[in-house]
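Numbered by our numbering, the letters in the sequence shown go through residues 572 to 733 in order. Backbone N, C-alpha and C fix where the C-beta goes; we use that ideal spot for every residue, glycine too. Treat the numbers as computed from the prediction; the structure is a model and nothing was measured. Step one of this worksheet: look at the structure below.
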Amino acid sequence: MLRRFAFGVLALVCAAAIAAPAGAAAVKAAKPQACVSNSEKLALDTRVLQTELLIGALSCGQGAQYNQFVTSFQPQLQEQGSHLIGLFQRIHGAKGTDKLNEFVTNLANDASKRSQNIGHGYCYFTWDIFYEAFDTAPESFSKLVDKPWIPVRHGFNACESS
């Protein structure tokens with residue numbers, strides 16, 4: 572429990588640094604022409620969170636935790652992935668797949684840069700998310716991705732209020 576608390580405190584400090592406006596510019600490919608529905612925003616938020624955890628897995632030796640996350644939330648990740656594909660096809664038509672690939676690549680590159688700049692702080696940040704994920708029931712998945720720093724990463728705004 573003490574270890575969880577220590578990671579939590581460090582993660583809060585690191586999250587503040589990670590979410591700082593100067594280091595948290597929205598992904599370039601995510602400059603939307605229109606707002607997105609709440610369900611599309613959930614798909615975008617999911618992709619951001621999954622990308623952050625993937626970079627944590629690669630940069631911080633958290634591969635087992637990432638695999639557990641994907642296994643625990645596989646149906647939710649697949650559903651949100653389908654919604655994300657639909658969003659990019661709706662916005663970009665025939666170029667939707669290319670634009671989605673560009674978007675995902677940019678998210679990963681941005682997360683990787685933050686990981687390199689912050690170092691161990693990034694690992695504490697992702698550890699905290701993993702701990703929260705493992706305490707989250709699959710039916711509460713939308714609460715897991717409801718973080719104030721996530722929309723900053725993708726740059727889309729919801730048309731609807733929650």
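Count the other C-beta atoms from every protein chain shown that fall within 10 angstroms of the C-beta of residue i, then say buried if there are 16 or more, exposed otherwise.
i           : result
residue 628 : buried
residue 596 : Low confidence applies to residue 596: its pLDDT is 47, below 50, so where it sits in the model is not reliable enough to give any reading.
residue 691 : exposed
residue 730 : exposed
In the DSSP assignment, what residue or residues form a beta bridge with residue i?
i           : result
residue 729 : 607
Which same chain residues end up closer than 8 Å to residue i when comparing Cβ atoms and leaving out the 5 residues on each side of it in sequence?
i           : result
residue 718 : 616 and 620
residue 633 : 624, 627, 694, 697, 698 and 701
residue 606 : 727, 728, 729 and 730
residue 703 : 715
Among the options, which residue has its Cα nearest to the Cα of residue i?
i           : options               : result
residue 681 : 655, 622 and 606      : 622
residue 630 : 608, 653 and 683      : 683
residue 672 : 688, 703, 713 and 652 : 652
residue 654 : 677, 618 and 642      : 618
residue 676 : 715, 650, 658 and 725 : 725
residue 649 : 613, 609 and 720      : 613
Below 8 Å on the Cβ atoms is my guess for residue i versus residue j; work out the distance and round it to an integer in Å.
i           : j           : result
residue 644 : residue 709 : 6 Å
residue 647 : residue 712 : 4 Å
What does a CB cutoff of less than 6 Å around residue i pick up in its chain, not counting 5 residues either side in sequence?
i           : result
residue 679 : 622
residue 636 : 701
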